[in-house]
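A.B. asks: Here it is, the structure in full.
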Amino acid sequence: MENILAGLCGTSPEDPLPVWVHGSVGHCFNQLTLNVIPHVILAVVSACFLGTPRSGSRVPCRPGWGCRITSSFILAGLFLADTIPATIFQQELGPVYLELLANGTGALTWLTHGLALLMLFRSIHSSTRGLVALALLALLPLPSLIITLVWYYQSGTAWSPAHPAASCRFAILCLQLASLLVYVIACLFPTAGRQDFLSINHSWQDDQLVSEPGIPVPDQQRVAEDGESWLSRFFYVWMNPLMKCGYQWKLNKPQDVYVLPRKLQAARVCDRFYSCWQKKEAVRLFSVLHAAFGLRFYSLGLLKLAGNLLGFSGPLLLNLLVNFMESRQEPLSHGVLYALGLFAGSFLGALLRNQFSYEVNKVMLMVRAAVISAIYRKALRVSSTSLTRFTVGEIVNFMSTDTSRLVNFCLSFHEVWSLPFQFAITLYLLYDQVGVAFLGGLALALLLVPINKVIANRIMMNNKEMLKHKDTRVKVRGIVWGVLNFLQLL
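The opening residue of the sequence shown carries number 26 in the numbering used here; numbering runs sequentially from there.
Structure below.
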């Protein structure tokens with residue numbers, strides 16, 4: 026670790042990260058500790074709000090939100106522009122890799138933060154100033170910018186003709202501080218306040234579901250997840266009141282549970298599905314599903330990949346920890362880092378895998394709602410002559426069994442690329458540990474492939490036979506109900 030810091034900062038391995046240099050804060054300490062780390066924290070927190078659901082109502086752009094979003098994108102561009110003089114004129118202010126790390130992190134952070142603010146503006150937070158914690162986190166890089174400004178003033182290279190790169194970077198730094206100042210002022214802009222619309226339905230339809238004791242709440246049913254923080258979404262804190270009501274046996278009617286999030290409600294899902302349907306000239310179901318839900322579904326592969334990589338970090342760190350305990354030649358700090366990494370990898374891996382499963386289930390729910398509504402809509406609009414081509418049992422199978430098969434494809438899709446990836450890494454780790462003996466495990470795995478194929482074919486044949494009997498059962502049941510209705514009229 027000392028050698029890595031020394032190479033990055035251009036210092037000696039004995040003191041790779043000096044805090045105080047020549048009467049001022051060390052440049053490497055300033056960039057890594059006061060610049061990179063706060064930007065990473067801001068980027069991680071901002072990324073958690075990128076999936077904030079949109080509000081159903083259109084909200085006009087308010088000056089505060091517009092200035093904050095614009096300032097964030099300008100700051101991202103300024104950090105990106107600062108890499109040009111830092112790369113061309115190396116060693117003008119610091120090592121080039123350190124400057125690239127700091128500026129690249131800053132550009133990516135403010136870009137992510139701007140997109141997060143854009144999503145929050147389009148959500149139910151648009152009538153407020155947004156989340157106070159997110160605005161405070163945006164001020165974390167401010168000390169680093171001020172320290173760098175003071176360094177320019179003390180060194181006298183701010184407007185020196187002999188140092189054009191330093192002058193250029195000083196101008197960019199001033200623009201960064203000005204943009205951050207505009208961001209802070211925009212956070213103080215007054216807002217119009219949130220408007221709540223109450224239901225005019227009967228009391229049994231709009232009984233409040235979950236409420237904190239002693240706090241008056243309007244008579245409206247609460248929507249699950251919408252408006253919750255990223256921490257509440259990660260750890261499902263928003264479900265605690267519902268779980269408490271279930272523990273107290275208070276979930277007795279449909280109004281006692283949360284309403285689905287707005288983006289999962291059938292009306293919104295169907296509107297999105299049919300809008301993509303109308304844009305297609307040659308309508309194909311998979312192309313419409315791809316246009317409607319593809320971007321969100323494919324992006325979940327990043328969660329799957331991150332969870333798989335963190336899953337493999339556990340055995341690697343455990344191997345390093347065992348070697349550390351056996352050799353006893355490495356510093357104690359290495360063992361502590363291995364143990365902390367083992368815990369963090371397992372913890373974060375479990376979180377990401379859980380979030381992946383939860384988000385995939387939400388996509389599956391949207392696909393199911395869209396396909397069933399499309400089949401039902403087609404059955405209502407098609408002519409009776411065309412409808413006679415299918416029995417009632419076949420139509421019911423279209424809406425249940427066939428839709429379930431299509432929805433289950435969502436789970437299988439990510440396994441198609443994930444399983445070979447995990448298998449390849451597992452084989453490499455086995456080869457690294459046991460050598461050529463890993464071929465025995467490979468042969469056993471290849472032997473299981475034809476066996477699984479035979480079992481899968483057998484299951485498919487049985488399912489086909491079962492569906493035929495299910496069609497007949499539904500048809501007979503329809504005839505019996507028709508006869509019973511006729512007998513009642515006699």
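Cβ atoms here follow ideal geometry from the backbone N, Cα and C, with glycine treated the same way.
#1: Starting from the C-beta of Trp90, find all residues in its chain whose C-beta is less than 6 Å away, skip the five residues before and the five after it, and write them out in chain order.
#2: In whole angstroms, what separates the C-alpha of Leu314 from that of Ala394?
#3: How is the alpha helix (DSSP H) around Ala158 delimited, first residue to last?
#4: Ignore the nearest five residues each way along the sequence and tell me which others in Val207's own chain have a CB closer than 7 Å to its CB.
#5: Give the DSSP-derived three-state secondary structure of Val248 in the structure shown.
#6: Provide the residue span of the alpha helix (DSSP H) that contains Glu124, from first to last.
#7: Do Ile94 and Leu142 have their C-beta atoms closer together than 8 Å?
#8: Need the endpoints of the alpha helix (DSSP H) that Phe104 sits in, please.
#9: Can you confirm whether the segment 320-334 touches the segment 378-397 when touching is taken to mean that 3 or more C-beta pairs between the two stretches lie within less than 8 Å?
#10: Give the single residue among Leu202, Gln179 and Ala68 whose Cα lies nearest to the Cα of Ala100.
#11: For the putative contact between Ser300 and Gly339, defined by C-beta atoms under 8 Å, what is the C-beta separation to the nearest angstrom?
#12: For a quick check, are the C-beta atoms of Asn55 and Ile172 less than 8 Å apart?
#13: Relative to the alpha-carbon of Leu390, which residue among Pro475, Asn488, Tyr401 and Val432 has its alpha-carbon at the smallest distance?
#14: If we call anything under 8 Å between Cβ atoms a contact, is Val61 one with Gly51?
#15: Going by the CB atoms, is the gap between Phe349 and Gln363 shorter than 8 Å?
#16: Out of curiosity, what's the CA-to-CA distance linking Val282 and Leu267?
#17: Would you identify the three-state DSSP class for Val505, choosing helix, strand or coil?
#18: Based on DSSP bridge pairs, tell me the residues matched to Val284.
#19: At the level of alpha carbons, what is the spacing between Gln273 and Thr77?
#20: Are the CB atoms of Leu455 and Phe463 within a distance shorter than 8 Å?
#21: How would you call Met485, buried or exposed, if buried means at least 16 neighbouring beta carbons within 10 angstroms?
#22: By alpha-carbon positions, which one of Asp296, Trp135 and Leu123 ends up nearest to Val65?
#23: Under the DSSP definition of a beta bridge, which residues are partnered with Trp45?
#24: Consult DSSP for Val308 and reduce its assignment to one of helix, strand or coil.
#25: So, are the CB atoms of Val294 and Leu159 less than 8 Å apart?
#26: Let me know the secondary structure DSSP gives Trp263 once reduced to three states.
#27: Quick one: what does DSSP say Trp176 is sitting in, helix, strand or coil?
#28: Buried or exposed: His494, going by 16 or more other Cβ atoms within 10 Å of its Cβ?
#29: Taking Cβ positions, are Leu198 and Leu174 nearer each other than 8 Å?
#30: If I'm right that Gly129 touches Thr153 with Cβ under 8 Å, what's the distance once you round it to whole angstroms?
#31: Could you check if Ala307 is buried or exposed, using at least 16 other CB atoms within 10 Å of its CB as the buried criterion?
#32: Let me know the secondary structure DSSP gives Arg353 once reduced to three states.
#33: Between Leu103, Ala72, Ala111 and Gln290, which has its C-alpha nearest Leu162's C-alpha?
#34: Can you tell me the Cα-Cα spacing of Leu156 and Val121, whole angstroms?
C.D. replies: So, to answer that:
#1: Phe146
#2: 12 Å
#3: Val157 to Leu162
#4: Cys92 and Ser96
#5: strand
#6: Val121 to Phe146
#7: yes
#8: Pro88 to Ile113
#9: yes
#10: Sequence inspection shows Leu at residue 100; the Ala mentioned does not correspond to that position. Residue Leu202 is the option with its Cα nearest to Leu100.
#11: At roughly 44 Å, the Cβ-Cβ gap does not stay under 8 Å, so Ser300 and Gly339 are not in contact.
#12: yes
#13: Val432
#14: no
#15: The sequence given here places Tyr at residue 363; Gln does not occur at that position. In this structure, Phe349 lies closer than 8 Å to Tyr363 by Cβ.
#16: 7 Å
#17: helix
#18: Val248
#19: 31 Å
#20: yes
#21: exposed
#22: Trp135
#23: Val50
#24: coil
#25: no
#26: helix
#27: helix
#28: exposed
#29: yes
#30: In fact, because the Cβ distance is near 32 Å, the residues do not count as touching under 8 Å.
#31: exposed
#32: coil
#33: Ala72
#34: 36 Å
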